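Enquirer: Mapping the sequence shown onto full-length UniProt numbering, position 336 (from 1) lands on 336, and the numbers just tick up by one.
We treat Cβ as the ideally placed atom computed from N, Cα and C, and that holds for glycine.
As the structure is a computational prediction, the values presented were derived from the model and not from experiment.
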Amino acid sequence: MKANEITLEKWSQKQEFYIVNSIINAIKRTLRFLSIKYIAWKTRIFAFRSPNYEGRNFSLLIVWDVMHISNTYLPFSNIFYKLIYFRRNPRRVLDAAKYLFLINSWRWKEIPKIYLTLKCNLNCPYCSNGIFYDQSNMGYSILSTDEWIEIINGLKSKTIILTGGEPSLYPNLQKIINAVDKHFMIFTNLPLHFIKLLNSLNRPVSVFGSIHIYDGLDVRESVIKNLMVLETSKNLYYSAHMVDVESNRKVMADYVDFLKTNKIPVTINRNQIVDNGACKGEFKKKVKCSYNEFYIGPDGNRYICVSKLVRKAKEGIIDYNVKNPEIICHEYGLCSPCDEIAKVEIIA
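1) Do you know whose CA, among 292, 150, 146, 207, lies nearest residue 167's CA?
2) Please report how far the alpha carbon of residue 266 lies from the alpha carbon of residue 337, in whole angstroms.
3) Under a three-way DSSP split, which group does residue 80 fall into?
4) I need the DSSP call for residue 279, collapsed to helix, strand or coil.
5) How many Å lie between residue 149 and residue 250 at the Cα?
6) According to DSSP, simplified to helix, strand and coil, what is residue 268?
7) Taking residue 156 as the reference, which of 193, 135, 113 has the closest Cα?
8) Cα separation between residue 193 and residue 262?
9) Between which two residues does the alpha helix (DSSP H) harbouring residue 206 extend?
10) Work out the CA separation of residue 328 and residue 247 for me, nearest whole Å.
11) Residue 295 bridges to which residues according to DSSP?
12) Quick one: grab the DSSP three-state call for residue 223.
13) Given residue 346, which residues of its chain have a CB within under 8 Å of its CB, disregarding the five upstream and five downstream residues?
14) Count the CB pairs spanning the segment 137-144 and the segment 289-299 that are closer than 8 Å, and state whether there are at least three.
15) Going by C-alpha to C-alpha distance, which of 201, 172, 170, 171 sits closest to residue 181?
16) In or out: residue 339 buried (at least 16 other Cβ within 10 Å) or exposed?
17) Please look up how many angstroms separate the CB atoms of residue 116 and residue 164, rounded, as I've assumed it's under 8 Å.
18) May I ask you to report which of helix, strand or coil DSSP gives residue 138?
19) Tell me the residue span of the beta strand (DSSP E) that contains residue 194.
20) Rounded to the nearest angstrom, how far is the Cβ of residue 190 from that of residue 162, given a contact under 8 Å?
21) When DSSP labels each residue in this structure, what does residue 255 get in the three-state scheme?
22) How big is the Cα-Cα spacing for residue 111 and residue 315?
23) Considering only their Cβ atoms, is the gap separating residue 138 from residue 310 smaller than 8 Å?
24) Contact defined as beta carbons within less than 8 Å: I believe residue 245 pairs with residue 271. What is the distance between those atoms, to the nearest angstrom?
25) Quick one: Cα of residue 211 to Cα of residue 241, how far?
26) DSSP on residue 52, reduced to helix/strand/coil?
27) Should residue 339 be flagged as near chain B, meaning a C-beta pair shorter than 8 Å?
28) To the nearest angstrom, how far is it from the Cα of residue 254 to the Cα of residue 264?
29) Would you kindly work out how many angstroms separate the C-alpha atoms of residue 184 and residue 289, rounded to a whole number?
30) Please classify residue 326: does DSSP put it in a helix, a strand, or coil?
In structure tokens:
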């Protein structure tokens, strides 16, 4: 099936999403895309060859939008991006195919996202953990490596996502990865010590590197150094991304040019806090919320959403074995940006 033959209805049915909501979201994102396309033409922020080349791939990027709605956007958008940007590079195409098979990405929702720690070395104002997150461990105590090894070994999924916070700040992270026979995907902002961590591992991992710039922060030295090491490694699959923040666009354009010069791919994601009113903490509503994700907090409990996890809200704890969990939530409006794809029915 060609990209331009994929309809919103088919994707909505396949992912069991409401068709009307999907169409509304797609329209919003299409308008957002058109504005970014104009910005790209003005600032060269998108890592495509030219606005015309970008336009010829419009249907492919619409598929990206639909996949964003269906909550499979992260693995697939990176694959599509690499197939466009490295379309003449057989190694990249092969890597993309191997990666799709490796993470079993069509079952993305079932992959546990583990927050070993919520501590972070950065203080991004657009953090996907939400406005209540203060870069600390948010009152959690740290579980031991042996406790985490037991928890992860007990999970059915063969793929595990390590996120946070900055997961590499968890003490002896390498001990967990080396002891568990599963494939790990690490979401990291690539601090200086990250390569040292990778060198201590006895198995390949997938790395999703985030490049964060705000308030004049210059992370080029550490990030570029680590990305160049990742680029030359044959045992790693990696992807780099940045967040589209209006105040940073001029600096971001310089970063993108630098990365392109060094043949390092980077994707640009939107600032989710700006797009979603439920993330601003300006109201609270009672809703019935269904969210088929698998988030495990620093205490080893499974939480229904990122907001409940970050705020250590006990009413958000659910059983590991529950599929399509659903709760009555009295705090709709205090959501985290990562929670935007939940199914919500307003009660009062």
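Expert: Reading off the structure:
1) Nearest option by C-alpha distance: 207.
2) About 21 Å.
3) Summary for residue 80: the model assigns pLDDT 49, below 50, so the residue's position carries little reliability; its value from the coordinates is reported in the next sentence. Per DSSP, reduced to three states, the secondary structure at residue 80 is helical.
4) Per DSSP, reduced to three states, the secondary structure at residue 279 is helical.
5) One Cα belongs to residue 149, the other to residue 250, and the distance between them is close to 44 Å.
6) Note: residue 268 maps to strand in three-state DSSP.
7) In this structure, 113 is the residue among 193, 135, 113 with its C-alpha nearest to the C-alpha of residue 156.
8) Approximately 22 Å, taken between the alpha carbons.
9) Not the alpha helix (DSSP H): residue 206 falls in the beta strand (DSSP E), residues 206-210.
10) About 38 Å.
11) Its beta-bridge partners are 113, 303.
12) In this structure, residue 223 counts as helix in the three-state DSSP scheme.
13) Take residue 346, set aside five residues on each side of it, and the residues of its chain with a beta-carbon closer than 8 Å to its own are 285, 286, 287, 332, in chain order.
14) These segments touch.
15) Ranking the options by Cα distance to residue 181, first place goes to 201.
16) By the 10 Å Cβ count, residue 339 comes out buried.
17) Going by Cβ atoms, the distance from residue 116 to residue 164 rounds to 7 Å, so yes, they are a contact pair.
18) In this structure, residue 138 counts as coil in the three-state DSSP scheme.
19) Here residue 194 belongs to no beta strand (DSSP E); instead the alpha helix (DSSP H) covers 194-199.
20) Rounded, the Cβ-Cβ distance is 14 Å, inconsistent with contact.
21) In the structure shown, residue 255 sits in a helix (DSSP, three-state: H, G or I).
22) Taking the straight line from one Cα to the other gives about 22 Å.
23) In contact: residue 310 and residue 138 (Cβ atoms closer than 8 Å).
24) That belief holds up - the Cβ atoms of residue 245 and residue 271 are roughly 5 Å apart, short of 8 Å.
25) Between residue 211 and residue 241, the C-alpha separation is close to 6 Å.
26) For residue 52, the predicted model reports a pLDDT of 34, less than 50, meaning its position is unreliable; a value from the coordinates is still stated below. If DSSP states are grouped into helix, strand and coil, residue 52 belongs with the helices.
27) In the displayed structure, chain B is absent; only one protein chain is listed.
28) A straight-line Cα-Cα distance of about 14 Å links residue 254 and residue 264.
29) If I take the Cα positions, the gap works out to 29 Å.
30) Reduced to three states, the DSSP call for residue 326 is strand.
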